[in-house]
Amino acid sequence: MSGGPSSSQTPWWRNAVIYQVYPRSWADADGDGIGDLPGITARLDHLAALGVDAVWLSPFYTSPQHDAGYDVADFRDVDPIFGTLEDADALVARAHDLGLRIVVDIVPNHTSNAHVWFQAALASPPGSPERARYLFREGRGEHGDQPPNNWQSMFGGPAWTRIAESDGTPGQWYLHLFDTSQPDLDWTNPEVHDELDDVLRFWLDRGVDGFRIDVAHGLVKAEGLPDGPAEFDSANEPTALQPMFDQPGVHDVYRRWRRLVEEYGVPGEDRDRILCAEAWVLPLESLAKYVRPDELHQSFNFAFLMTPWLPDDLRASIDEGLAAVAEVGAPQTWVLSNHDVVRHATRLGYPQQPGHLRIEGIGADDPQPDTALGLRRARAATALMLALPGSAYLYQGEELGLPEATQLPDEARQDPTWERSGHTSRGRDGCRVPIPWEADLPSYGFGPSGASWLPQPEAYRELAADRQDGVDGSTLELYRALLRLRRERGLGRGTLTWTDGYGPDVLALEIASDVGPTLVLTNLGPEPVPVPDHLEVAVVSGPLTADGAVPTDTTAWLLSGT
33 MSGGPSSSQT PWWRNAVIYQ VYPRSWADAD GDGIGDLPGI TARLDHLAAL GVDAVWLSPF
93 YTSPQHDAGY DVADFRDVDP IFGTLEDADA LVARAHDLGL RIVVDIVPNH TSNAHVWFQA
153 ALASPPGSPE RARYLFREGR GEHGDQPPNN WQSMFGGPAW TRIAESDGTP GQWYLHLFDT
213 SQPDLDWTNP EVHDELDDVL RFWLDRGVDG FRIDVAHGLV KAEGLPDGPA EFDSANEPTA
273 LQPMFDQPGV HDVYRRWRRL VEEYGVPGED RDRILCAEAW VLPLESLAKY VRPDELHQSF
333 NFAFLMTPWL PDDLRASIDE GLAAVAEVGA PQTWVLSNHD VVRHATRLGY PQQPGHLRIE
393 GIGADDPQPD TALGLRRARA ATALMLALPG SAYLYQGEEL GLPEATQLPD EARQDPTWER
453 SGHTSRGRDG CRVPIPWEAD LPSYGFGPSG ASWLPQPEAY RELAADRQDG VDGSTLELYR
513 ALLRLRRERG LGRGTLTWTD GYGPDVLALE IASDVGPTLV LTNLGPEPVP VPDHLEVAVV
573 SGPLTADGAV PTDTTAWLLS GT
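Under my numbering, think of the first position of the sequence shown as 33, with each following residue one higher.
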C-alpha cells in the first residue's frame, strides 16, 4: 500500500493538477502570430471549466528568443512580444478570481548573452568580478585554442565558446550547457545567489503562487570542472556521474529557496508558495532528495513519462515512483507530456518496447505513428495517471487529444536543436504548435489575423475546442469528467493498493480515500475485461464493448453501486 495522506487538510500542492501553458502557442490577442499574456488571460475560463487547480507558465520574460524565452535577458520584465508587466498582473488577478493559482518558470542555470551581466563580463578582463558571475575559463592547448573540458551542449556540439577580448585577441571560453546564447551562471558566486533570491521575491510580491525550476539539477558543477565520462548511458546510469548535473551543492540552493518562499505562506490558510524541479535525475532515490522536507515541494517524475505502454513497465514505474518519495514524505508528481517531449498521443502510437521509451522529434520522412492507436492509449494513460496519489501536470492541448505535428516542414523549424545538431535532431517544435480553439476561424481561433508562428496541421481542425465542447466521448469531455471525479473522490490524497485476479496484462489498482475506494482498471491485453457485478463504471477512457467489458488500451474508474 502506498500513496499520501488522506486528510482533507492536505496542502493544495500535494494533490494539485497543474496545467502547463506555453505562452507563444496558447492564444494570440494582438494578431502577430505569437501567443501573449492577454491571450492567456482571455482563455483562462477554459481552464477553470476544465477543472485544474493551477497554471504553470513557460517563460515570458525579456529575451532575444533564441530558445523560445529560456534565454532570459531580464528576469524582472515581460518581453514585448508577450505584453507588459501590467498584463502579467492582470493575468494573475484574473486567475485568482477564477480560483486558479499561477506558477511561473524560473531559469537559474543560465542567462541570455544579452543580459546586462554577460555584456559586462565581455567588456571586462579575465579575473574580473563581472566574469566571476559566469563560468569563464582558459582554454587547453599551447595557445588555449581547445575547450577547457570535453563537455557537450545539450543542443549539440561543444558546451564551450571562445570569446575575443577587447583588444581583438582570442580570449577565454565560457560554458553553455545549452545554446551559445545561454551562458551558465557560476553558483559558487554569492552574487548569483543574491540576484536569484531577489528575482523570486519580485514575482512573489506580484502574487505568483510558485516556480517551476528549469534545469534544476544543473546549477552546481563539480569542483574543477573535470572531463565527463567518454560514454554515458543517461537512461540507466546515475546522473551524478556527469560532473555538470546532480551535484551535492545544488541542494543547498534549494534549502535557501524553501526558506524564502515559506516567508510568503500563511499557516492554516492553504497559501503555500511552491517550488517544482525540472530535474532529469536517476536513480529515483537521487531525485527524491530534491523533495526532502526542507527543499522543494515537487519534482517531475520523468521516469514515468518515459515508460512504455507495457503492463510490467508501468506497474514497476508506479511502484518505484511512490516508494522513492515515500522515503522523504513527499508526494509523487506525475506527467505524460510537456514542451520538451513528443506528445504522448503520438509517442504511444508507435510499437512499445521494454525499457525507457525515447523518441526524438519526428519529421515527415520518419516512420509515422498510428494516430488512432496513439490517442486511444493516450486517453487510457491519462485516466490511469489522474487516478494516482499525488500531484499531476497536464500539457496544453492534451485535453483536446492533440498529436505531435509530425509533418512540419524543416524550413519552419525554430528549435535551436535543429541547427546545432546539424539537422540530425528535429527538436521540439512538433509539440509546440499553437492551440486550435475554433475550427472555422483563421488559425483555428489561435489569433485574429490567422498568423501562426508554427504551421498548424489540418488534423487540428476537427480537434478544436469548440468541436469537442459538450460532445459526449470527446477527449475534452473525458478530461473534464476525470478531473471532476478525481476531485470528488479525493484520489490525489488517496492510498494505492494493487488488486490481483485480473491477469498479467491488466493494471488493477484500488485508490482508498476519505470518501471510499475507487477501483481503476487499465487493460493492456487483447481480451476485454468484464466489470465486476458489484461495481459501476464512473468514467471510462473509451467505449466499452457491447456487453459492457473494458476493451484493450482502455482505462475505467469503477465505484460500488448505490
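Note that the Cβ used here is the ideal one computed from N, Cα and C, for glycine as well.
Rounded separation between residue 36 and residue 420 - CA only:
Translated into positions along the sequence shown, residue 36 becomes position 4. Translated into positions along the sequence shown, residue 420 becomes position 388. Here the model assigns residue 36 a pLDDT of 42, short of 50, so the residue's position is not dependable, and the following value carries that caveat. Each residue's alpha carbon lies about 10 Å from the other.
Touching or not, the stretch 443 to 452 and the stretch 496 to 515, by the rule of three or more beta carbon pairs under 8 Å?
no
When DSSP labels each residue in this structure, what does residue 524 get in the three-state scheme?
Counting from one through the sequence shown, the residue named residue 524 turns up at place 492. Looking at residue 524 - three-state DSSP - the assignment turns out to be helix.
Exposed unless 16 or more other CB atoms sit within 10 angstroms - verdict on residue 340
If you number the sequence shown from 1, residue 340 lands on position 308. Burial call: buried.
Just the Cα atoms here: how many angstroms apart are residue 51 and residue 386?
Translated into the one-based positions of the sequence shown, residue 51 becomes position 19. Translated into the one-based positions of the sequence shown, residue 386 becomes position 354. If you take the alpha carbons of residue 51 and residue 386, they lie about 29 Å apart.
Taking the alpha helix (DSSP H) that residue 224 falls in, what are its first and last residues?
Your numbering for residue 224 matches position 192 in the sequence shown. Looking at the DSSP string, the run of the alpha helix (DSSP H) that includes residue 224 is 222 to 237.
Note down, in chain order, each residue of its chain lying with its Cβ closer than 6 Å to the Cβ of residue 242, except the 5 sequence neighbours on either side.
Indexing the sequence shown from 1 puts residue 242 at position 210. 135, 305, 306.
contact_flag[the stretch 371 to 381, the stretch 425 to 437] where n(CB pairs < 8 Å) is 3 or more
yes
Identify the continuous beta strand (DSSP E) that holds residue 286 and give its terminal residues.
Locating residue 286 in the sequence shown gives position 254, counting from the first residue. First-last for residue 286: 282 to 294, but that is the alpha helix (DSSP H), not the beta strand (DSSP E).
Measuring CB to CB, does residue 289 end up less than 8 Å from residue 232?
Along the sequence shown, read from residue 1 onward, the residue named residue 289 stands at position 257. Along the sequence shown, read from residue 1 onward, the residue named residue 232 stands at position 200. Contact flag set, yes.
Give me the Cα-Cα distance between residue 447 and residue 69, rounded to the nearest whole angstrom.
If you number the sequence shown from 1, residue 447 lands on position 415. If you number the sequence shown from 1, residue 69 lands on position 37. Going by the C-alpha atoms only, they are around 22 Å apart.
Span of the alpha helix (DSSP H), counted from its first residue to its last, around residue 336:
As a working mapping, residue 336 is identified with position 304 in the sequence shown. Unbroken alpha helix (DSSP H) run through residue 336: 334 to 337.
For residue 586, which residues in the same chain have their Cβ closer than 6 Å to its Cβ, ignoring the five residues on either side in sequence?
Residue mapping note: residue 586 aligns to position 554 of the sequence shown, counting from 1. These residues qualify, in order along the chain: 412, 555, 573, 574.
Mind checking which residues open and close the beta strand (DSSP E) that includes residue 466?
Here residue 466 refers to the residue found at position 434 when the sequence shown is read from its first residue. Here residue 466 belongs to no beta strand (DSSP E), and DSSP marks it neither H nor E.
So if DSSP puts residue 592 in a beta bridge, which residue, or which two residues, is it bridged to?
Position 560 of the sequence shown, counting from 1, holds the residue named residue 592. Looking at the DSSP assignment, residue 592 forms a beta bridge with 567.
Just to confirm, is the Cβ distance from residue 541 to residue 530 under 8 Å?
Here residue 541 refers to the residue found at position 509 of the sequence shown. Here residue 530 refers to the residue found at position 498 of the sequence shown. The answer is yes: Cβ separation under 8 Å.
Just to confirm the assignment, what range does the alpha helix (DSSP H) spanning residue 72 have?
Mapped onto the sequence shown, residue 72 falls at position 40. Run containing residue 72: 69 to 74, per the alpha helix (DSSP H) assignment.
Going by DSSP, name the residue or residues bridged to residue 194.
Mapped onto the sequence shown, residue 194 falls at position 162. Answer is 205, bridged to residue 194.
With which residues is residue 370 paired in a DSSP beta bridge?
As a first step, residue 370 is located in the sequence shown; it is residue number 338 there, counting from the start. Per DSSP, none; premise fails for residue 370.
Quick one: what does DSSP say residue 243 is sitting in, helix, strand or coil?
In the sequence shown, the residue the question calls residue 243 occupies position 211. Strand at residue 243.
CA-to-CA distance, residue 189 to residue 401, given in whole angstroms:
Walking along the sequence shown from the start, residue 401 turns up at place 369. Walking along the sequence shown from the start, residue 189 turns up at place 157. Those two C-alpha atoms are separated by around 30 Å.
Could you say which of 484, 145, 82 lies nearest to residue 106 if we only look at CA atoms?
Numbered from 1 along the sequence shown, position 74 holds the residue referred to as residue 106. When each option's Cα is compared against that of residue 106, the closest is 145.
Ordered along the chain, which non-local residues of its own chain (more than five positions away) have a Cβ less than 6 Å from that of residue 537?
As a first step, residue 537 must be located in the sequence shown, where it is residue number 505. Hits under 6 Å: 343, 556, 557.
With a CB to CB cut of under 8 Å and the five nearest residues on each side skipped, what residues in its chain are close to residue 359?
The residue given as residue 359 occupies position 327 in the sequence shown. 317, 320, listed in sequence order.
For a test of the three-state rule: what should DSSP assign to residue 548, helix, strand or coil?
Looking up residue 548 in the sequence shown gives position 516. Three-state DSSP puts residue 548 in a strand.
For residue 155, the nearest candidate out of 111, 211, 200, 112 (CA to CA)
Counting from 1 along the sequence shown, the entry for residue 155 is found at position 123. Measuring from the Cα of residue 155, the nearest candidate turns out to be 200.
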